[in-house]
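Enquirer: Residue numbers (our numbering): 372 to 650.
Below you will find the structure I want to go over with you.
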Amino acid sequence: MPGVFQFSPDGIVDEARRAQDLGLQAILLFGVPREKDEQASGAYAENGVVQKTLRAIKSKCPEVVAITDVCLCQYMSHGHCGVARIDGDHFHVLNDETVDLLVKTALSHAHAGADMVAPSDMMDGRIGAIREALDANGFDQTGIMSYAAKFASVFYGPFRDAAESPPKFGDRRSYQMDCANAEEALREVALDVEEGADILMIKPALPYIDILWRVRERFAKPTAVYHVSGEYAMVKAAAEKGFLDERAAVLEIMTSLKRAGADIIVTYWARELAEWVRE
Ligand code: PBG
Ligand code: ZN
Numbered sequence: 372m373p374g375v376f377q378f379s380p381d382g383i384v385d386e387a388r389r390a391q392d393l394g395l396q397a398i399l400l401f402g403v404p405r406e407k408d409e410q411a412s413g414a415y416a417e418n419g420v421v422q423k424t425l426r427a428i429k430s431k432c433p434e435v436v437a438i439t440d441v442c443l444c445q446y447m448s449h450g451h452c453g454v455a456r457i458d459g460d461h462f463h464v465l466n467d468e469t470v471d472l473l474v475k476t477a478l479s480h481a482h483a484g485a486d487m488v489a490p491s492d493m494m495d496g497r498i499g500a501i502r503e504a505l506d507a508n509g510f511d512q513t514g515i516m517s518y519a520a521k522f523a524s525v526f527y528g529p530f531r532d533a534a535e536s537p538p539k540f541g542d543r544r545s546y547q548m549d550c551a552n553a554e555e556a557l558r559e560v561a562l563d564v565e566e567g568a569d570i571l572m573i574k575p576a577l578p579y580i581d582i583l584w585r586v587r588e589r590f591a592k593p594t595a596v597y598h599v600s601g602e603y604a605m606v607k608a609a610a611e612k613g614f615l616d617e618r619a620a621v622l623e624i625m626t627s628l629k630r631a632g633a634d635i636i637v638t639y640w641a642r643e644l645a646e647w648v649r650e
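Put into structure tokens, the structure is as follows:
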């Protein structure tokens, strides 16, 4: 993705400081580990890449609000978001075994200083399990931003490249949501609310702006929207070809998301946007 880079833990500290100086509210961390295995051990390792980064941020610029993506796909050799069982040509992701590992991951992030965790896996029951474990370990002040309605989407393609996490077989449709089914999305969001999510997130953004609006209206909770890599790439590519004015397009898209109810926008344009808004 043009303009998108992987950083070392130390590089992130400078980046976090810059984000803060620009007036951005928070940063969202995604780990790209050196090694992967079938239990995603890097996700909950004491010295994992995200854990190291959190400690660096919290020792050098503690006021930065650090949110962590909690998922296993970048850490799994097969690239799925959970523990996979493979029988011949078929595979399925084991929900409860996955939840156990997600809980371990979220706890290790909290221990390393995360202000908020953001589970992006879409397993059933993970928000409640993570909330309970955080509370039981003295992290009752650590928030949960839930990827509450995350659709199976072609627009995650560039991210999977950047994060080195495309699945080696199959797809994510057994755990991510069906693009055609709005009612399922609202039921999934309702479960996350009951289980204790502090912020509800809808993802992707523009193709699901109806869901964003309905979730904001129905649940009246802080609502975030994730403008994803493919949405970013489309505008970037069009701008590079001279078809669109990037700045005007981005300002219009972000304004639309706000109009549709977003309290929080996750975007790869965050830095530029902060500057443009200020200007
Ligand atoms: C991993 C994760 C993905 C994204 C955020 N967290 C990829 C996926 O589910 O395949 C996508 C972000 C983007 O496209 O910008 N669970
Ligand atoms: Zn994942």
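C-beta: ideal position from N, C-alpha, C; glycine also.
Return the Cβ separation of VAL488 and VAL441 in integer angstroms, given the expectation that the two are a contact with Cβ distance under 8 Å.
Expert: Indexing the sequence shown from 1 puts residue 488 at position 117. Indexing the sequence shown from 1 puts residue 441 at position 70. The pair is a contact, with the Cβ atoms about 5 Å apart (cut-off 8 Å).
Enquirer: Based on Cα-Cα distance, which residue from PHE462, TRP647, PRO593 and PHE590 lies nearest to GLU617?
Expert: Residue numbering aside, residue 617 sits at position 246 when the sequence shown is read from its first letter. Selected option, being the one with the closest Cα: TRP647.
Enquirer: Taking 8 Å as the threshold, find out whether the segment 462-477 comes into contact with the segment 408-419 through three or more Cβ pairs.
Expert: Touching, yes.
Enquirer: Do VAL599 and the ligand PBG come close, with the Cβ less than 6 Å from some heavy atom?
Expert: The count along the sequence shown starts at 1 and reaches residue 599 at position 228. Correct: VAL599 has its Cβ closer than 6 Å to the ligand PBG.
Enquirer: Give the DSSP-derived three-state secondary structure of VAL648 in the structure shown.
Expert: Your numbering for residue 648 matches position 277 in the sequence shown. Correct three-state label for VAL648: helix.
Enquirer: Specify, as a first and last residue, the run of the beta strand (DSSP E) that VAL659 falls within.
Expert: There is no way to answer for residue 659, as the model of the chain reaches only from 372 to 650.
Enquirer: If the criterion is Cβ atoms closer than 7 Å, does the pair PHE526 and GLY601 meet it?
Expert: Along the sequence shown, read from residue 1 onward, the residue named residue 526 stands at position 155. Along the sequence shown, read from residue 1 onward, the residue named residue 601 stands at position 230. Yes. Within cutoff.
Enquirer: Between GLU632 and ALA641, what straight-line distance do the alpha-carbon atoms span, to the nearest angstrom?
Expert: The residue labelled residue 632 in the question sits at position 261 within the sequence shown. The residue labelled residue 641 in the question sits at position 270 within the sequence shown. It should be noted that the sequence gives Gly, not Glu, for residue 632. Those two C-alpha atoms are separated by around 18 Å.
Enquirer: Is it the case that the Cβ atoms of MET445 and SER524 are separated by a distance below 7 Å?
Expert: Reading the sequence shown from its first residue, position 74 is the one you call residue 445. Reading the sequence shown from its first residue, position 153 is the one you call residue 524. Rather than Met, the amino acid found at residue 445 in this sequence is Gln. No. Outside cutoff.
Enquirer: Please confirm whether LYS607 and PRO373 have their CB atoms less than 7 Å apart.
Expert: As a first step, residue 607 is located in the sequence shown; it is residue number 236 there, counting from the start. As a first step, residue 373 is located in the sequence shown; it is residue number 2 there, counting from the start. Yes, Cβ-Cβ distance for LYS607 and PRO373 is below 7 Å.
Enquirer: So if I measure from each beta-carbon to every heavy atom of the ligand ZN and keep distances below 5 Å, which residues remain?
Expert: Those residues are CYS442, CYS444 and CYS452, given in chain order.
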